[in-house]
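S.K.: Structure provided below as structure tokens; questions to follow.
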Amino acid sequence: MVPEGSCEELDKRNAESHNVTIVEAKKLHGFQNPNDWLYFLPKGLTTDIVIGVGERLCKMAQIFKELHHCKSIFVGCDSFEESFSRDAELRDAQAKMEDECLGKSNVQPMMQMADLPVAVGPKIADTLSVSLSRQGKEVFKLTPGILSEFADVTQTLCDREKFRILMAGHGHPRYFYKEELEIVAKAVAGLKDRSYQIILVGAAKGEHRGFIEKFHECGVPKHQLIIRSPPKDEEEMKRWLCEADLAIAPSGEQGFGMFGLIALSSGLPILVHGASGLGEALTDVPGGLSSIVESEDVTVWSKAIKKVRNKVRESTA
Numbered sequence: 033m034v035p036e037g038s039c040e041e042l043d044k045r046n047a048e049s050h051n052v053t054i055v056e057a058k059k060l061h062g063f064q065n066p067n068d069w070l071y072f073l074p075k076g077l078t079t080d081i082v083i084g085v086g087e088r089l090c091k092m093a094q095i096f097k098e099l100h101h102c103k104s105i106f107v108g109c110d111s112f113e114e115s116f117s118r119d120a121e122l123r124d125a126q127a128k129m130e131d132e133c134l135g136k137s138n139v140q141p142m143m144q145m146a147d148l149p150v151a152v153g154p155k156i157a158d159t160l161s162v163s164l165s166r167q168g169k170e171v172f173k174l175t176p177g178i179l180s181e182f183a184d185v186t187q188t189l190c191d192r193e194k195f196r197i198l199m200a201g202h203g204h205p206r207y208f209y210k211e212e213l214e215i216v217a218k219a220v221a222g223l224k225d226r227s228y229q230i231i232l233v234g235a236a237k238g239e240h241r242g243f244i245e246k247f248h249e250c251g252v253p254k255h256q257l258i259i260r261s262p263p264k265d266e267e268e269m270k271r272w273l274c275e276a277d278l279a280i281a282p283s284g285e286q287g288f289g290m291f292g293l294i295a296l297s298s299g300l301p302i303l304v305h306g307a308s309g310l311g312e313a314l315t316d317v318p319g320g321l322s323s324i325v326e327s328e329d330v331t332v333w334s335k336a337i338k339k340v341r342n343k344v345r346e347s348t349a
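In terms of our numbering, the sequence shown opens at residue 33 and continues consecutively.
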């Protein structure tokens, strides 16, 4: 089910080829966000199971479940659409839901009400299993593999004059320290080399200067920064992936980290914290340990960044 007019004919044909029928929720006036039309279900629409992914869609799925008395599957994760949404309210809600799934809130009401709670990655799965054990609910752990949507990105390894590090932010500078972006900022500042650049993707409208100030506090000057709004679509994200030499997700608190998986799927070298959900998943993948940093020490991150750059130089020599 999608908002009316949000799908092109090509999208509909692709959906049909995968045995998916697209149903459009009717356009309603007075709603700024077309996704809110999904609260009002088309007449005659019935189903046996409703699946909600992310904070906002799980709320809609909850209404559908109550009206149609069907079974529900709710997925707790940071989806690409919510992580890089231009809707600041949606991204704040997504961050709140991940906190709940990681046990930073006493209850996970959305997951409690699901007939089948699904957790993306081992970290969220473990936390949810503990919090929902009293209800006798089994949590299904889903660890995604390579994302086919980004597997067609062609990475060209070359020793460029600038070494560009790609990171993602939740949109507002107030999340800067929560997401531990200062680790990368201080690591780059510690390298004392102007050829390193940081590309931050995801700054909300009007918040670019706030991020520049946060990086400046950590010793990174403006000329080593590129601050960008969320990508308009997957194609724009792919172009940005091609511009980068390395992607970093420094937070050990992250539930899974779709940004890191997107970068990994595109063939871009990545560095993630070992305590993150993606870091835990990579420990079981051949060669995955080379992408893991088990520290909050900025000097350790500086060395890891430099090691990736040297490896690129060696492979292109």
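Glycine included, C-beta positions come from ideal geometry on N, C-alpha and C.
Against chain C, with Cβ distances strictly below 9 Å, would H100 count as a contact?
M.R.: Protein chains in the displayed structure number just one, and chain C is not present.
S.K.: The alpha helix (DSSP H) spanning L164 covers which residue range?
M.R.: Mapped onto the sequence shown, residue 164 falls at position 132. Here the alpha helix (DSSP H) through L164 covers 154-164.
S.K.: Please go through the same chain and pick out, in chain order, the residues whose beta-carbon is closer than 8 Å to the beta-carbon of R260, but skip the five residues on each side of it.
M.R.: Here residue 260 is taken as the residue at index 228 of the sequence shown, counted from 1. I231, L232, V233, G234, A235, W272, listed in sequence order.
S.K.: Going by DSSP in three states, S104 sits in which element: helix, strand or coil?
M.R.: Locating residue 104 in the sequence shown gives position 72, counting from the first residue. Here S104 sits in strand by DSSP.
S.K.: Give every residue of the same chain whose Cβ lies closer than 7 Å to the Cβ of A219, excluding the five residues on either side of it in the sequence, and list them in chain order.
M.R.: Taking the sequence shown and counting its residues from 1, one reaches residue 219 at position 187. The answer, listed in chain order, is V330, W333, S334, I337.
S.K.: Between the C-alpha atoms of S297 and V325, what's the straight-line distance to the nearest angstrom?
M.R.: Counted from its first residue, the sequence shown places residue 297 at position 265. Counted from its first residue, the sequence shown places residue 325 at position 293. Cα-Cα distance, rounded: 19 Å.
S.K.: Taking the straight line between their C-alpha atoms, what separation do you get for C274 and W69?
M.R.: The residue given as residue 274 occupies position 242 in the sequence shown. The residue given as residue 69 occupies position 37 in the sequence shown. Going from the Cα of C274 to the Cα of W69 covers about 36 Å.
S.K.: What's the call for H305, buried or exposed, on a 16-neighbour Cβ count within 10 Å?
M.R.: Position 273 of the sequence shown, counted from the first residue, corresponds to residue 305. Buried is the call here.
S.K.: Fully enclosed by the region 228-314, which beta strand (DSSP E) runs are 3 residues long or longer?
M.R.: 228-233, 257-260, 278-281, 302-305
S.K.: Give every residue of the same chain whose Cβ lies closer than 8 Å to the Cβ of N138, excluding the five residues on either side of it in the sequence, and list them in chain order.
M.R.: By one-based count along the sequence shown, residue 138 stands at place 106. The predicted position of N138 is uncertain, since its pLDDT is 38 and thus under 50; no value can be drawn from it.
S.K.: Which residue marks the beginning of the beta strand (DSSP E) containing V82, and which one marks its end?
M.R.: Your numbering for residue 82 matches position 50 in the sequence shown. V82 -> beta strand (DSSP E) spans 81-85.
S.K.: Answer yes or no: do I81 and F106 have a C-beta to C-beta separation smaller than 9 Å?
M.R.: Against the sequence shown, residue 81 aligns to sequence position 49. Against the sequence shown, residue 106 aligns to sequence position 74. Annotated as distal: I81 and F106, with beta-carbon spacing of 9 Å or more.
S.K.: Which residues in the same chain have their Cβ closer than 8 Å to the Cβ of Q187, if we skip the five residues on either side of it in sequence?
M.R.: Position 155 of the sequence shown, counting from 1, holds the residue named residue 187. Result list for Q187: L273, C274, S298, G299, L300, in chain order.
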